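>
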């Protein structure tokens, strides 16, 4: 009797804990007041519109978008052939390579950020944007390799030989029969990579510099000076953007089948 | 007269790294033949097939097809088709596109392409399934698509890797006749690899028995079945009582048994099928250790001073009960004489 009452209650609490912050942010962003507060003081869309007027947000959004898309594409261009080699050939030290490739998600971001700043950005005097781009690519690479490797493992390798015997070259066989069959995995890797990069804070925090910041870092900086609901409005917009991407992927490509 | 050396392997050596899988193989296959490469796993039959297809480069030797040296011809330029054991259909393409794959690469287009694909599918009895994906087909249907996909390329040689092993018993029988029919109608030279002697005997014009990378025997199904040359082949085609012969006497363990019969010269061993053992009378005796009813016949497992003997007799005869002692005879004239025994 108690368990019948108890388990829905636990479920409800867990769901509330997961969705709660999201709901609070949305509510706060619709506030008509001057400060970030919950419950909101009155209802208005003024802060949602305000977001688009803030020049630094527009700029850092562009940088974040560039890093997420550019970094993910670069990681895939490096990661897909790497996964292919690791799954199809006997690569000496394959396990070590896998571990090294995965290290950016194992090592805490703060350490990665500090190490990159101290031993990469400072000594080589790389540009800020270049450093950010390299760091984001490295952070996305583990997802690219892991997810694409998983799809490759599920794909029989004899279809490539079949393609070759039907007249295709080895490279042609990769594009004609391997790539179309791991498309879902590549898309999943793209979404994971995009979201990872877009939400990245610790590494970006170390590498951002004057004039060039990613959106999350810019939001942190903004909040230190101004405590108005525009940050909440921006967060809500970003959350909806993420939801939209996942929804579209699920709708058109059956994303959930691959993860 | 068709070409009896349509495909020839000359001193072909195949190896994986330092391990030689097939040393210096010589083999001729005639045009339009249906040949079985028969042997247990690890005997080099699949390796040989992969070399003919071009998926494995020989370490030495020559492969000649229809008068042309193809030893160094890359796999995608060889007029050789291969039906994989797992069929290896392209999962993202439907049946039609799977069959059209090779033709499109050859530059066949439009009406010509359509005609050839449809003709290919019709040949294997799959005209209605063109828009299905491989995952929506049964094993037998996938096998047919795979066959059609290779056949539309009009290969000079079609290789099949264990073509029936992934099918259930009934389908296997159906595909056997199907493969024979396709082969006879198209006249393509067909080589299939199998570890199942029943399959080889039933389908092939000629059987090549392989062991440890070497050819043990080449012959028609009748020759292989009735006159195995070695204890290995004898055992493989169902001679379950195989004995070595020394100085005209059967050798079993440390003892010799006089057979009281004339053995052909140069015979190194004798082999009896269970049905060739004379049960009920004879100079030898054994104890019944097992008996099983097999329809028309009854099988016996006997413990004898000669070792275990497998015998078989008409099921209508009185049963020798478990544990009883039975007389039996090994008549020389009923045995297959073996020219080789225990390796080469």
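Chains as they are written, first to last, in full-length UniProt numbering: chain V, 1 to 259; chain C, 1 to 344. Glycine is no exception: its CB is placed at the ideal position from the N, C-alpha and C atoms. What you are looking at is a predicted structure, and each value in this text was computed from that prediction instead of being measured.
#1: May I have the straight-line CA-CA distance separating residue 298/C from residue 285/C, to the nearest angstrom?
#2: For residue 303/C, which residues does DSSP report across the bridge?
#3: The alpha helix (DSSP H) with residue 181/C in it runs from where to where?
#4: Return no unless some Cβ of chain C is closer than 8 Å to the Cβ of residue 64/V.
#5: How is residue 241/C classed by DSSP in three states: helix, strand or coil?
#6: Can you give me the C-alpha to C-alpha distance between residue 5/C and residue 124/C, rounded to a whole angstrom?
#7: What does residue 177/V reach in chain C if we use C-beta pairs closer than 9 Å?
#8: Touching or not, the stretch 159–168 of chain V and the stretch 241–253 of chain V, by the rule of three or more beta carbon pairs under 8 Å?
#9: What are the start and end residues of each continuous alpha helix (DSSP H) run of 4 or more residues lying completely inside the stretch 88–157 of chain C, in chain order?
#10: Return the CA-CA distance between residue 198/V and residue 235/V, expressed in angstroms with no decimal places.
#11: Skipping 5 residues on each side, what residues in its chain have a beta carbon closer than 6 Å to that of residue 264/C?
#12: Where does the unbroken alpha helix (DSSP H) through residue 73/C begin, and where does it stop?
#13: Please determine, among 92/V, 119/V and 69/V, the residue with the shortest C-alpha to C-alpha distance to residue 207/V.
#14: Distance check for residue 155/V and residue 178/V, CA to CA, integer angstroms please.
#15: Would you check if the stretch 111–130 of chain C and the stretch 146–154 of chain C touch, i.e. whether three or more CB-CB distances between them fall below 8 Å?
#16: Between the C-alpha atoms of residue 48/C and residue 22/C, what's the straight-line distance to the nearest angstrom?
#17: What in chain V is Cβ-close to residue 86/C, meaning under 8 Å?
#18: Please classify residue 185/C as buried or exposed, where buried requires at least 16 neighbouring CB atoms within 10 angstroms.
#19: In its own chain, which residues sit with a C-beta less than 8 Å from the C-beta of residue 161/C, not counting the 5 before and 5 after it?
#20: Please list, in chain order, the chain V residues whose beta carbon lies closer than 8 Å to that of residue 106/C.
#21: Just reading off the alpha helix (DSSP H) that residue 143/V is part of, what are its end residues?
#22: Can you give me, in chain order, the residues of the stretch 150–184 of chain C that have a beta carbon less than 7 Å from any beta carbon in chain D?
#23: Could you have a look at residue 11/C and say whether DSSP puts it in helix, strand or coil?
#24: Using a Cβ-Cβ cutoff of 7 Å, what residues of the stretch 42–61 of chain C are near chain V? List them in chain order.
#25: Look up residue 336/C in the DSSP assignment and say whether it is helix, strand or coil.
#26: Can you give me the Cβ contacts of residue 145/V inside the same chain, cut-off strictly under 8 Å, excluding the 5 residues immediately before and after it?
#27: If you check the beta carbons only, do residue 128/V and residue 217/V fall under 8 Å apart?
#28: Which term fits residue 36/C, buried or exposed, when burial requires 16 or more other beta carbons within 10 angstroms of its beta carbon?
#29: With DSSP collapsed to three states, give me the class of residue 223/V.
#30: Do residue 39/V and residue 27/V have their beta-carbon atoms positioned less than 8 Å apart in this structure?
#31: Alpha carbon to alpha carbon, what distance is there between residue 317/C and residue 59/C?
#32: Is it buried or exposed, residue 135/C, if we count other Cβ atoms within 10 angstroms and call 16 or more buried?
#33: To the nearest angstrom, report how far apart residue 113/V and residue 250/V are at their CA atoms.
#34: In chain order, what are the residue ranges of uninterrupted alpha helix (DSSP H) at least 4 long that sit wholly in the stretch 229–284 of chain C?
#35: Grab the span of the beta strand (DSSP E) containing residue 21/C for me, first residue to last.
To lay it out plainly:
#1: Using only the alpha carbons, I get a separation of about 18 Å.
#2: In DSSP, residue 303/C forms a bridge with 287/C and 308/C.
#3: 169–186 is the span of the alpha helix (DSSP H), which, as asked, contains residue 181/C.
#4: It does not; no Cβ of chain C falls within 8 Å.
#5: Looking at residue 241/C - three-state DSSP - the assignment turns out to be strand.
#6: Residue 5/C and residue 124/C: Cα-Cα distance of roughly 29 Å.
#7: Simply 90, 91, 92, 93 and 101.
#8: Segment contact: the stretch 159–168 of chain V against the stretch 241–253 of chain V, fewer than three CB-CB distances shorter than 8 Å; contact not assigned.
#9: Listed in chain order, the complete alpha helix (DSSP H) runs (minimum 4 residues) inside the stretch 88–157 of chain C are 95–105, 110–123 and 139–151.
#10: Linking residue 198/V to residue 235/V through their CA atoms gives a straight-line distance of about 12 Å.
#11: So the list reads 337, once near-sequence residues are dropped.
#12: Boundaries for residue 73/C: no alpha helix (DSSP H) harbours it, and the DSSP string shows neither H nor E there.
#13: Among 92/V, 119/V and 69/V, the Cα nearest to that of residue 207/V belongs to 119/V.
#14: Computed Cα separation, rounded: 8 Å.
#15: Yes, the stretch 146–154 of chain C is in contact with the stretch 111–130 of chain C.
#16: About 7 Å.
#17: Those within 8 Å of residue 86/C in chain V are 156 and 158.
#18: By the neighbour-count criterion, in which a residue is buried when 16 or more other Cβ atoms sit within 10 angstroms of its Cβ, residue 185/C is exposed.
#19: Closer than 8 Å at the Cβ level, and outside the excluded window around residue 161/C, lie 46, 49, 82, 83, 84, 85, 192 and 193.
#20: At a C-beta separation below 8 Å, residue 106/C has these neighbours in chain V: 167.
#21: Start and end: 128–153.
#22: You won't find chain D in this structure, because its protein chains are V and C.
#23: Here residue 11/C sits in strand by DSSP.
#24: Taking 7 Å as the Cβ-Cβ cut-off against chain V, the residues of the stretch 42–61 of chain C that qualify are 53 and 55.
#25: Residue state, collapsed to three classes: strand.
#26: These residues qualify, in order along the chain: 79, 82, 83, 86, 98, 101 and 102.
#27: No, Cβ-Cβ distance for residue 128/V and residue 217/V is not below 8 Å.
#28: So residue 36/C ends up on the buried side.
#29: Helix.
#30: Pairing residue 27/V with residue 39/V gives a Cβ-Cβ distance under 8 Å.
#31: One C-alpha to the other measures close to 58 Å.
#32: Residue 135/C comes out exposed.
#33: If I take the Cα positions, the gap works out to 33 Å.
#34: Every alpha helix (DSSP H) stretch that sits fully inside the stretch 229–284 of chain C and reaches 4 residues is listed by chain position as 231–236.
#35: Run containing residue 21/C: 19–29, per the beta strand (DSSP E) assignment.
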